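Engineer:
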């Protein structure tokens with residue numbers, strides 16, 4: 648990646664639907680150049696996919712929680728994560744270091760619904776767990792600075 652690629656990525660991170668012509672105008676290249684570079688960034692694996700940020704509260708899921716669980720049955724974290732994936736309210740499952748093995752990100756409709764989701768999780772992973780409920784999110788989706796050097 649060169650400096651132009653990094654500039655393109657920064658604009659796409661800001662707004663993934665920003666027209667290539669608009670990005671081109673900001674960085675002083677043609678829209679065709681932006682199009683070709685985005686295509687190359689995808690092919691080379693720098694851009695995985697484009698996505699939409701949802702307003703979970705407006706969609707009826709105002710409760711945001713993180714559940715740390717321990718795998719006491721030694722079935723393997725990947726297999727355990729696949730089983731937990733069957734619960735549609737589990738947004739992500741990540742292997743972590745420390746006292747617990749997996750960190751789950753959960754969206755729920757209410758605190759009582761979160762309790763139901765926790766019961767489902769305990770059926771699959773009955774070991775020790777810790778639940779933290781988000782009260783307010785102050786920073787979300789921030790991208791660390793991208794290096795601006797040449798490849």
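In our numbering, the protein residues as written are 648 to 798. Just so you know, even glycine gets a beta-carbon here, dropped at the ideal spot from N, CA and C. All of these numbers come straight from a predicted model, not from anything done at the bench.
Per DSSP, which one or two residues make a beta bridge with residue 681?
Structural biologist: In DSSP, residue 681 forms no bridge with anything.
Engineer: So, do the segment 705-724 and the segment 668-680 have three or more beta carbon pairs nearer to each other than 8 Å?
Structural biologist: No, the segment 705-724 does not touch the segment 668-680.
Engineer: Can you name, in chain order, every residue of its own chain whose Cβ lies under 6 Å from the Cβ of residue 673, other than the five neighbours on each side?
Structural biologist: Contacts found: none.
Engineer: Ignoring anything shorter than 3 residues, give me the beta strand (DSSP E) runs that lie fully in the segment 712-757, in order along the chain.
Structural biologist: If we require 3 residues or more, the beta strand (DSSP E) runs fully inside the segment 712-757 come out as 737-742 and 749-755.
Engineer: Does the structure place the segment 715-725 close enough to the segment 687-696 that three or more beta carbon pairs sit under 8 Å?
Structural biologist: Touching, no.
Engineer: Take residue 742 and list the residues in its own chain whose beta-carbon comes closer than 7 Å to its own, dropping the five residues that flank it on each side.
Structural biologist: Taken in chain order, the residues that qualify are 724, 748 and 749.
Engineer: If you check the beta carbons only, do residue 712 and residue 780 fall under 8 Å apart?
Structural biologist: Contact: yes.
Engineer: Using the rule of at least 16 other Cβ atoms within 10 Å of the residue's Cβ for burial, across every protein chain shown, is residue 686 buried or exposed?
Structural biologist: Burial call: exposed.
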